[in-house]
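Asker:
Residue numbers (the numbering used here): 2 to 324.
1. Just the C-alpha distance for residue 61 and residue 90, rounded to the nearest angstrom, thanks.
2. Quick one: residues in its chain with C-beta nearer than 7 Å to the C-beta of residue 291, no 5 flanking neighbours on either side, listed in chain order?
3. What alpha helix (DSSP H) runs, 4 residues minimum, are completely inside the region 91-178?
4. Give me the Cα-Cα distance between residue 123 and residue 231, rounded to the nearest whole angstrom.
5. For the region 143-152 and the region 285-301, state whether three or more C-beta atom pairs, one from each stretch, are separated by less than 8 Å.
6. Return the residue from the list 293, 65 and 313 that minimises the CA-CA distance to residue 182.
7. Roughly how many angstroms lie between the CA atoms of residue 29 and residue 84, to the nearest whole one?
8. Helix, strand or coil: how does DSSP classify residue 224 here?
9. Tell me the residue span of the beta strand (DSSP E) that contains residue 236.
10. Examine the Cβ distances between the region 192-208 and the region 127-135 and report whether three or more of them are shorter than 8 Å.
11. Once the 5 residues before and after residue 310 are set aside, which same chain residues still bring their CB inside 6 Å of it?
12. Using a Cβ-Cβ cutoff of less than 7 Å, which residues in the same chain neighbour residue 244 once the five nearest sequence positions on both sides are dropped?
13. Output yes if chain B places a C-beta closer than 8 Å to the C-beta of residue 121; else output no.
14. Taking a contact to mean a Cβ-Cβ separation below 8 Å, would you say residue 177 touches residue 264 in this structure?
15. Report, in whole angstroms, the separation of the C-beta atoms of residue 251 and residue 160, which I expect to be a contact under 8 Å.
16. Where do the N-terminal and C-terminal ends of the beta strand (DSSP E) with residue 244 fall, by residue?
17. What residues are listed by DSSP as bridge partners for residue 251?
18. Going by C-alpha distance, which of 203, 313 and 282 is nearest residue 268?
19. Work out the CA separation of residue 229 and residue 281 for me, nearest whole Å.
20. Thinking just about the alpha-carbon of each residue, which of 220, 18, 184 and 219 is nearest to the one in residue 204?
21. By alpha-carbon positions, which one of 56, 21, 93 and 219 ends up nearest to residue 1?
22. Helix, strand or coil for residue 76? Go by DSSP, reduced to three states.
23. Cα separation between residue 212 and residue 270?
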């Protein structure tokens, strides 16, 4: 393969993808013939997640759950295919912000190298290293924005469009009334400070709805991850930042990913005032509407997800009205 003549356009891409697949194929054997399998919690609840270890080498496995019917599982497979394709595409374009190896097996099992705390990787930011953490992440986001967008060949609506359609555009008087009702149940779980911010947010909803409904023309869309939060990032003080869970990735506004991260850090109680200049306020407003609308959606079981979405909107609101 190293002696192939110079290739162009799609031919070059196909060969690069094939070489990437071959270099990652050994992950499948580790996943199939490991000595130890450990189920892990957290992350996307609709997938089974496992750490498999063989000869002290571990891989992370994410596969579609058998709990769902064929229609649901086919939808989940689409997201796995997109995630696997995107990570391979990024490796082929020299992107440094992803794990070095990952692969899709049988269309329903995604496998990648692990990044564990035993190896020095952090999956949550710490106050004492926050500056280095944010700087490293910002470098990866900037690098990503300069990579050409891949072809959109997946039957998945772009996250950029979803943020708008499932955000302020869907919030009507009925849903605003639902938000006011939900907030009453959330108040006793909030700090006094967050309770005051909630009251201000609810009072500002008409003005926010008006502002959120206006979308300025974006001259250039860039490559964005679109699901940035601490749990989707591994940071190492010497090896930098690696991003996972790429199924929401696609075109977006410049600064979208650093904005998402700073909202998540603020939500976790970190002081982000030193990074206000990095925030894209338009995207901050867009995410606020997206989370507020989703907080009103029906749910099964407890309301943890809806509460977390409300908290994310609350953090976005506090940042938006502070800067």
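Heads up, the beta-carbon is just placed ideally off N, CA and C, and yes, glycines get one too.
Small disclaimer: the values here were computed from a predicted structure and weren't measured.
Answerer: Let's see:
1. 20 Å
2. Non-local C-beta neighbours of residue 291 in its own chain, meaning closer than 7 Å and more than five positions away in sequence, comprise 164, 167 and 168, ordered along the chain.
3. Listed in chain order, the alpha helix (DSSP H) elements of length 4 or more contained wholly in the region 91-178 are 131-146 and 160-166.
4. 9 Å
5. When C-beta atoms of the region 143-152 are compared with those of the region 285-301, fewer than three pairs fall below 8 Å, so the two segments do not count as touching.
6. 293
7. Rounded to the nearest angstrom, the two C-alpha atoms are 17 Å apart.
8. If DSSP states are grouped into helix, strand and coil, residue 224 belongs with the strands.
9. 234-237
10. no
11. Shown here for residue 310: same chain residues with a beta carbon closer than 6 Å to its own, the five before and five after excluded, namely 292, 295 and 296 in chain order.
12. Taken in chain order, the residues that qualify are 98, 99, 141, 226, 233 and 234.
13. In the displayed structure, chain B is absent; only one protein chain is listed.
14. Going by C-beta atoms, residue 177 is not nearer than 8 Å to residue 264.
15. Going by Cβ atoms, the distance from residue 251 to residue 160 rounds to 6 Å, so yes, they are a contact pair.
16. Note, residue 244: beta strand (DSSP E), 241-244.
17. 225
18. Here the closest residue by C-alpha is 313.
19. 14 Å
20. 184
21. No answer is possible for residue 1: the residues shown for the chain start at 2 and end at 324.
22. Helix, per DSSP.
23. 27 Å
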